[in-house]
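So the sequence shown is numbered by the working numbering: it starts at 68 and just counts up by one. Here a beta-carbon is modelled for each residue, glycine too, at the ideal position from N, C-alpha and C. Here the structure is a predicted model, which means the values were calculated and not measured. Below you'll find the structure, written out as structure tokens, and then a few comments.
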Amino acid sequence: MDSPTSDSEYTDFRRTTPPESEASVEHDDTIPPDHEYRTLVLCFDGTGDQFDEDNSNIVNFFSMLKKDDPKKQLVYYQVGLLPKSNHQQVPFAYKMYSRDDPTGWKQSTAFKKAFSIDVDIELLGVWETVGSVGMIPKRLPFTTSNTHVRYFRHALALDEHRVRFKPNFWNRPTPEELHLTADTDHTPNPNSTRRTRLKAKETTRDWERRHDGGEYETDIEEVWFAGSHCDVGGGAVRNEVRNSLARIPLRWMVRQCFILKTGILFHRELFKVIGMDPDSLYPEVRARPPAVTKTKEYSPEVKYLQPRSGNGKGHTLVDTSDFVSEEEEDLADALSPVNDMLKILPAWWILEWIPQKVKYQGDDDEWVNQLLINRGRGRRIPRQEIDGVRIHRSVKLRMDNKKLHYKPKAQWNLDATVWVG
68 MDSPTSDSEY TDFRRTTPPE SEASVEHDDT IPPDHEYRTL VLCFDGTGDQ
118 FDEDNSNIVN FFSMLKKDDP KKQLVYYQVG LLPKSNHQQV PFAYKMYSRD
168 DPTGWKQSTA FKKAFSIDVD IELLGVWETV GSVGMIPKRL PFTTSNTHVR
218 YFRHALALDE HRVRFKPNFW NRPTPEELHL TADTDHTPNP NSTRRTRLKA
268 KETTRDWERR HDGGEYETDI EEVWFAGSHC DVGGGAVRNE VRNSLARIPL
318 RWMVRQCFIL KTGILFHREL FKVIGMDPDS LYPEVRARPP AVTKTKEYSP
368 EVKYLQPRSG NGKGHTLVDT SDFVSEEEED LADALSPVND MLKILPAWWI
418 LEWIPQKVKY QGDDDEWVNQ LLINRGRGRR IPRQEIDGVR IHRSVKLRMD
468 NKKLHYKPKA QWNLDATVWV G
């Protein structure tokens, strides 16, 4: 059982009130200050999430981005990748993409060439992607092995245990896909950086790589954090609440943007709002100090400027001295309550006792279809013995706290743990 934390547990932490979501800070500079290329950032939120009193991590991430110079960085917070004039093509496009056969793949390729612009994705970062709504087809062209994505980063929740919120991991090719053949009527691209396979037959993954034009073997990292679905993706607590579990995966994702040198431009003065020191990320990403287990271990004398609204003219900068280190913020956030929806809204239990169709990829890479009565059981973490389990170090802070008696709900083998920061 997770015990709710109280303000008395954080007596050594100084409090701040977060600013408004809009990031129009006067006289603000950005990090990195510039980038060789124009950066395009697309932000897609979950069902029902938007700018409101309990913002998701997508909204918080979006709020930090530089948005006033579209020649350097263009930022979207909306759904839809087709040009505005092509909205009438959506039903046709989906019909083509939903065909799970060679004809569907060929039609999808033709549609891509006619109506789409190939875009190499430097970073695909997601918080808690789940298959909670509707019946998702087994296979869609260009979705299993999209080689346009260079880096994939996924933050996952150890304590989400609703049957309708099973995690959607990065899919691995099945043995069937590796041996499924397709026609090879094509002309090799002389400019391609990938080696062309000169065989009479090829695998499904090879076929997709040829036709999507991708050039990357995707670098994949999926990391687990304490909390439920909305504790990792955000949106569980009101904006005026300083500490929450969701801030930890938000900081992790922002740090990944700098580690991977994506060139995404952030407002410098908004880092302390999420509990980060911008100087620790740029011009070089510093190695993280050891985790703080007690607040008295580390109390830097640092003053920061925090944006606050004033006089209806955007934001002004005011002097504050109540920012603490990221390590102390990690501790306070790690000890924040888990928002378990099976406790908050018991009506969710109805689905836990009704047989539900679930689908997951086994350790042998085969897809398993199962009729399951979940009964609130924790998530299954795949391939633990093969790949290990990447767990954020803040989880250990929570587990070591004697007052919380915290034990993650996920089916996790401690011996397979790889701690990450």
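Excluding the five sequence neighbours on either side, which residues of its own chain have a C-beta within less than 6 Å of the C-beta of residue i, listed in chain order?
{"i": "S75", "result": "Note that S75 scores 40 on pLDDT, short of 50, meaning its location in the model is unreliable and no value can be drawn from it."}
{"i": "T484", "result": "V456 and I458"}
{"i": "K266", "result": "Residue placement at K266 is flagged as unreliable, the pLDDT there being 39, under the threshold of 50; a coordinate-derived value is accordingly withheld."}
{"i": "T84", "result": "Unreliable placement is indicated for T84, whose pLDDT of 36 sits below 50; no coordinate value is reported for it."}
{"i": "L148", "result": "Caution applies to L148, whose pLDDT of 42 falls short of 50 and renders its modelled position unreliable; the model cannot decide the point."}
{"i": "N480", "result": "Q451"}
{"i": "L109", "result": "Y143"}
{"i": "D250", "result": "At D250 the pLDDT is 37, less than 50, meaning the model places this residue with poor confidence; the figure from the coordinates comes in the next sentence. None."}
{"i": "F338", "result": "P345"}
{"i": "M202", "result": "Legend: pLDDT at M202 = 39, less than 50; position of this residue unreliable, no value from coordinates given."}
{"i": "E396", "result": "G342"}
{"i": "R477", "result": "Before going on, a small fix: residue 477 reads as Ala here, not Arg. Result list for A477: L225, G445, R446 and I448, in chain order."}
{"i": "F59", "result": "Any question about residue 59 goes unanswered here, given that the chain covers just 68 to 488."}
{"i": "L141", "result": "L107"}
In terms of DSSP beta bridges, what is residue i paired with?
{"i": "T23", "result": "Here the chain has residues from 68 to 488 only, and residue 23 is not among them."}
{"i": "P234", "result": "V197"}
{"i": "G301", "result": "S123"}
{"i": "Q428", "result": "W434"}
{"i": "F333", "result": "I98 and L132"}
{"i": "R447", "result": "Q478"}
{"i": "L464", "result": "Note: L464 sits in no beta bridge, so no partner."}
{"i": "L439", "result": "Q423"}
Cβ atoms of residue j and residue i: under 8 Å apart, would you say?
{"i": "E189", "j": "T329", "result": "yes"}
{"i": "L225", "j": "W319", "result": "no"}
{"i": "G192", "j": "Q323", "result": "yes"}
{"i": "L496", "j": "K424", "result": "The displayed coordinates of the chain run from 68 to 488. Any statement about residue 496 would go beyond what the structure contains."}
{"i": "D286", "j": "Y218", "result": "yes"}
{"i": "D432", "j": "P137", "result": "no"}
{"i": "L312", "j": "V462", "result": "no"}
{"i": "R220", "j": "E288", "result": "yes"}
{"i": "R444", "j": "H228", "result": "yes"}
{"i": "N468", "j": "D400", "result": "no"}
{"i": "K173", "j": "F333", "result": "no"}
{"i": "R446", "j": "A358", "result": "no"}
{"i": "I125", "j": "D112", "result": "yes"}
Ignore the nearest five residues each way along the sequence and tell me which others in residue i's own chain have a CB closer than 7 Å to its CB.
{"i": "G302", "result": "D116, D121, N122 and S123"}
{"i": "A222", "result": "W194, E195, V290, F292, V299, P316, W319 and M320"}
{"i": "N67", "result": "This structure cannot settle anything about residue 67, because the visible part of the chain is limited to 68 through 488."}
{"i": "L327", "result": "L190 and Y218"}
{"i": "R335", "result": "D95, D96, T97, I98 and P345"}
{"i": "A354", "result": "none"}
{"i": "N127", "result": "G301, L317 and I341"}
{"i": "E394", "result": "P356, A358, V359 and Y365"}
{"i": "M131", "result": "A90, F333, H334 and L337"}
Just reading off the beta strand (DSSP E) that residue i is part of, what are its end residues?
{"i": "F325", "result": "Taken as a continuous stretch (DSSP letters only), F325 belongs to no beta strand (DSSP E), being part of the alpha helix (DSSP H) at R314 to I326."}
{"i": "G192", "result": "I188 to W194"}
{"i": "R217", "result": "V216 to A224"}
{"i": "I287", "result": "D286 to F292"}
{"i": "L141", "result": "Q140 to Y144"}
Return the chain-ordered list of same chain residues with a C-beta closer than 8 Å to the C-beta of residue i, the five sequence neighbours on each side being excluded.
{"i": "D430", "result": "P449, R450, E452 and I453"}
{"i": "V186", "result": "L107 and H215"}
{"i": "V352", "result": "R322, F325 and I326"}
{"i": "W237", "result": "F219, H221, T285, I287 and E289"}
{"i": "W416", "result": "L409 and G443"}
{"i": "Q428", "result": "F236, N238, R239, T241, W434, V435 and P449"}
{"i": "K139", "result": "D101, H102, R105, T106, K133 and L332"}
{"i": "R314", "result": "I341, G342, E396 and D400"}
{"i": "K474", "result": "M466"}
{"i": "R305", "result": "E120 and D121"}
Between which two residues does the alpha helix (DSSP H) holding residue i run?
{"i": "L418", "result": "W416 to E419"}
{"i": "L409", "result": "M408 to I411"}
{"i": "D400", "result": "E393 to A401"}
For the ligand COA, any of its heavy atoms closer than 7 Å to the Cβ of residue i?
{"i": "F292", "result": "Although the ligand COA was asked about, the structure shown includes no ligands whatsoever."}
request  = Tell me the start and end of each unbroken alpha helix (DSSP H) in the region 97 to 131 that is at least 4 residues and wholly inside, in chain order.
outcome  = 124 to 131
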